[in-house]
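Take the sequence shown: its position 1010, counting from 1, is numbered 1014 in the working numbering, and each next residue is one higher.
Glycine included, every Cβ here is placed at the ideal spot set by N, Cα and C.
The structure appears right after this line, and notes come after that.
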Amino acid sequence: MGLHLHRAERTDALADGLGALLATPPPDPFAPELVLVPARGVERWLSQRLSHTLGAGPGGDGVCAGVQFRSPASLIAEITGTGDEDPWSANAMTWPLLAVIDASLDQPWCATLAKHVGHGDPSPEGELRRGRRYAVARRLAGLFASYARQRPQLLADWSAGEPTDGAGGALPGDLRWQPPLWRALVAAVGIDPPDQRHRATVARLRQAPTETLPARLSLFGHTRLAATDIELLDALAAHHDLHLWLPHPSDALWRELSGVHGVVPRTQDPSRHRAHHPLLETLGRDLRELQRALPNSPDTDEYLGAASHPDTLLGWLQSDVSANALRPAGRSKDVRDRSVQVHSCHSPARQVDVLREVLLGLLHDDPTLEPRDIVVMCPDIETYAPLIVADFGLGELAGEAHPAHRLRVQLADRALTQTNPLLGVAAELLEIAGSRATATAVLNLAHTEPVRAKFGFTEDDLAQITTWVRTANIRWGFDPHTRERYGLSRIVHNTWRFGLDRLLTGVAMSDDSQAWLDTALPLDDVGSSQVELAGKLAEFVARLQSAVDALDGTRPLRDWITALLDGVDQLADADDAWQNAHLQRELTQVLDDAGARRDTALRLPDVRVLMSGHLAGRPTRANFRTGTLTVCTMVPMRSVPHRVVCLLGVDDGVFPRLDLPDGDDVLARAPLTGERDIRSEDRQLLLDAITAATEKLVITYTGADEHTGHPRPPAVPLAELIDALDQTTPQPVRDQLIVEHPLQPFDVKNVERGRLIPDVPFTFDPTVPLAARTAAGTRCDAPRFIDGPLPAPPGGDIALVDLLKFFKDPVKGFFSALNYTLPWEVDEVEDGMPVQIDALGEWAVGNRMLHDMLLGLDPAKAIEAEWRRGSLPPGQLGWRTAKQIRDRVVLLASAAHEHRVGEPATYDIDLDLGAGRRLTGTVTPVFGASTVSVNYSKLRDTHLLQAWIPLVALAAAYPDTSWTARCIGRARDGERVLQRLLGPPPDAGETLRELVWLYDIGRCEPLPLPIKTSFAWAEKRHAGRDPAGYASSRWTTSRFPGEDAEPASVRVWGTRAPFEVLLGPPRPGEAVDGEDTRLGALAAWLWLPLLRAERSVR
């Protein structure tokens, strides 16, 4: 019996050695072998590797049976007698520690902690601090558990009443509150503290073997063990054969450090000076400190032989690391040597693009390489997971797009909220609870698959709901009561209750009814076919509010879990039964972890912290080594050999993980060798990955800012690797090593042979060559949108409403005729209450008030109606703005009422246009012989044209009446009322046919007839002045956007098109005397009859 060390540069040699050991069975054929592994990914790989050795025939088709794989933590739990429920684990310790903190806050020694958690502070900040209780207790429990594993003497001294740092020094004064807190916790738990338990276990293991363990045990693949773990293993080796299978990249360094043993302060550790290779010095601290902590006289210390290294840059690097020396002499790197690749990109998305092309290139160049021979490790898997899904398609999009879509990719180590959508709903529910319940957050929840399944929401339903939310001015808060914590309980506007009341009232009443129920003004355009959807939305919000109300206050943990389960049940349905079972299991596990403390009172912030930790990513065995390309975090597979090892996202600030020292951590004040350091762990992970790559090492990082292009430095460990590679050969290799990729995947550099990588282009995307040629080709004028007029649509009757719609914007009218959707600003849902009204908002409010007053609503009532729409700022801000708008509207309405005398009439239009075509429609309202249109906008060209066309139709249909059209709007200063009066043309029928002619040709091609520009031209020409300068000012963007910036104009003539694009010669049949441009000719046809018919206003 004894401690046996087995060392090798790579874990495949260790696995073969372990297989040879296990091939000799124990005396009892039914006794299992016990192998302890550091991660689930290593477990799966090792079991597969051993199956080629154990019981293998000539074809290597053996079986790995009778071998138990466990974690070191499970072994320690067994030999210490704690099983799966160690009361001194960080999770279990949190609950009694929370109770101890609550009971000790009035103690003098606890003053620092009491202030931190807001004890006795009635201010809002104190309430915020009190929400830290669980988070503080969990963090301190983690510190105490760390002390117990890494420096147990610290806790022993504290239990004895000695405030030391556990290493022979005094405890700093600002941490003196921790020893009495620890002693109070030990008293509350009521069992031996972990330091005493550890000493008793070590003594018991040295006295006799452990009956429940086999005689032979193996620990495989560890690069760091805590001090207590090593002491337990050393004691266990007294009566068991304990084999430590250690991956160590350099036997030379091991022999250099063979006489260095014992724990010392880290600042006094000279072992790094024995590391003569820079990577062993900067990346290998964990391994050096592990060797120092191991017993100095193991029973055996076996080196399994040096690995063979290929004659490549990667092989030279690994060989030098093995020799603990830099040996560049006689080496010359071939430019085609791509064994180490470092790719500098502009963003995470480009990193995934580049990695995709690199992997396809490797698979293309080597037919023997398979996806299972490749591992992709990523420090930040949650950031890169959606990008990987998008770029690789996870094997679901095999088709013509990109060959990478045919690869099968497995994502491992994802957060539970990403793998189970019900847990995602639970997490979003906790986020909404206690928040403002913004429109965006609630709509995002409604878009999740489980919620859609529960309420039957379709894509069209969700689009309509979003429109309702925007139209009803829902911003945040379920009702005024939920705004009480923000001091806004008196403001009902913009809440979900406010908006839903408007929606549901709109089911039964019209917006034009001039009536409301309390604060609910009916929402317009809620059709009878949408009643069911409105009910679904109201039920969803009601259930959500009920669930959120249940997640409030201070209550026992069991009640929180019950409320969360009930909330998910009310809001979501699972696609598969396993999702619901998994949800139940995970939340029940939270209660099981709390044990008898499940009645501990918690606040919502406490529960959020608790659940975020519980639902974080965790390693599983399922997604590793399944024959696919595996993407995982750095931990599970870092030392498992693969032909190709890829490190994705090795960015500065991300790797190594940012580990700000915890000011309350005693160990961080003066760390000892062997104690955990996260940044050292990450550095060791990089060294493990370097040695695990047997053929290729591929690394990507963000090396340039995606917005400015400014260079960004690589992560420090990556920079150290590049420096080491420079020293591996006589000449620096970084210029050949680092590939600086362009910002865009369609850049011409990606398709030029040898531009980024030797001999071949850097892309497999079939769309990139064409895109690159287009982007890099000779710049020329963009082709015309269309080369000539389209075939005329079949002649038919014309609706007056279609004619009016076309002449609102003749350029856009062409696209409308083709059902062509132009790019436009998306109406986004807003989450903030309106505190001021912009120009567009003022116009909307003014037009609505004007509409209400024209229907006879009192001005005061019109303000009240607008107040009930929720579009005004709250309080006096809104009333002041509304009164200013109302005063302008009153003037406009008064002017309109002066001419809107008598009952309005409606006139039907049914005119023969010739060639079997007719114009049909109605003109309303007509007052006597005049139409009176009024608008809150400043009176301009489009208002005149919209009044002119019905006037011409009336004059043509009823020629015996002297018709007029009066337009009322605001003057340029925005305060005065401006009126313009139009009379009928001399030949209304002919004028109408001219308008229809323009309508017909405008549906065959985009006419150079933008409204403002053409009116400016015609107005100046009618006044006998040169129109070009004035019309050009309307077209060209300067301080304010011109018509050249309109989406329709941009689509037809390009961005910032010059005024001259409108000035081509008139087409046959378009000519007008005095006009030699098409703009002038068409403007004359459209506008001159209107301008000639204008009369003076009386």
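Residue range Ala443 to His451 is occupied by the alpha helix (DSSP H) that includes Asn448. Put simply, the segment 732–743 does not touch the segment 672–691. Fewer than three CB pairs are less than 8 angstroms apart. The alpha-carbon of Ser262 is positioned some 29 angstroms away from that of Ile726. Residue state for Ile105 is assigned as helix, using DSSP reduced to three classes. Just so you know, the alpha carbons of Leu54 and Asp16 end up roughly 10 angstroms apart. Residue Asp199 holds the alpha-carbon nearest to the alpha-carbon of Asp161 among Asp709, Asp199, Val429 and Ile105. Contact check for Phe750 and Ala779: beta-carbon distance about 6 angstroms, within the 8 angstroms limit, so the pair qualifies. In its chain, beyond the 5 residues on either side, Arg547 and Ala551 have a beta carbon closer than 6 angstroms to the beta carbon of Gln574.
Gly146 is not a Cβ neighbour of Asp610, given a cutoff of 8 angstroms. Boundaries of the alpha helix (DSSP H) harbouring Arg997: Ala992 to Gly1006, taken from the DSSP string.
In the three-state scheme derived from DSSP, where H, G and I count as helix and E and B as strand, Ser941 is classed as strand. Residue environment analysis places Gly309 among the exposed positions, since fewer than 16 neighbouring C-beta atoms fall within 10 angstroms of its C-beta. As for any beta strand (DSSP E) of minimum length 3 sitting wholly inside the segment 644–713, the runs are 646–651 and 697–706, ordered along the chain. Distance check between Arg11 and each of Asp835, Ile195, Pro877 and Leu250 places Leu250 closest, using alpha-carbon atoms only.
The criterion of a C-beta distance shorter than 8 angstroms is not satisfied by Pro167 and Leu38.
Secondary structure of Glu590 (DSSP, three-state): helix.
If you compare the alpha carbons of Gly225, Ala256, Gly266 and Asp255 with that of Glu235, the shortest gap goes to Gly266. Contact annotation: Gly503 and Asp528 have beta-carbon atoms that are not nearer than 8 angstroms. Residue environment for Thr712: exposed (fewer than 16 other C-beta atoms within 10 angstroms of its C-beta). DSSP assignment within the segment 287–311 yields the following whole beta strand (DSSP E) runs of 3 residues or more, N-terminal first: 304–307.
Contact annotation: the segment 872–880 touches the segment 474–494, with at least three C-beta pairs closer than 8 angstroms. If the five residues before and after Leu25 are omitted, its C-beta is found closer than 7 angstroms to the C-beta atoms of His247, all from its own chain and listed in chain order.
In the three-state scheme derived from DSSP, where H, G and I count as helix and E and B as strand, His281 is classed as coil. DSSP lists Ser348 as the bridge partner or partners of Glu744.
Cβ neighbours of Asp655 within its own chain (closer than 7 angstroms, five residues either side excluded): Tyr705, Thr706 and Ala719. In this structure, the alpha-carbon of Arg487 lies about 48 angstroms from that of Val380.
The DSSP-derived three-state label of Pro721 is helix.
Straight-line spacing of the CA atoms in Arg501 and Gly817 works out to 40 angstroms.
Look at the segment 218–278 and you find these whole runs of beta strand (DSSP E), each 3 residues long or longer: 220–224 and 245–251. Minimum Cα-Cα distance from Thr767 among the listed residues Thr442, Arg1029 and Ala408 corresponds to Ala408.
Residue pairing from DSSP places Gly973 in a beta bridge opposite Leu982. Close CB contacts of Val772 within its chain, under the 8 angstroms cut and outside five residues either way in sequence, are with Pro749, Phe750, Asn754 and Val755 (chain order). Two segments are said to touch when three or more pairs of C-beta atoms, one from each, lie closer than 8 angstroms; by this definition the segment 844–864 does not touch the segment 800–808. Your pair Cys636 and Ile378 does not check out as a contact, with CB atoms roughly 12 angstroms apart and the cut at 8 angstroms. Per the C-alpha coordinates, the member of His226, Pro963, Ala103 and Ser222 positioned closest to Ala191 is Ala103. The beta carbon of Lys1016 sits closer than 7 angstroms to those of Asp945, Arg1038 and Glu1047, all from its chain and outside the five residues before and after it, given in chain order.
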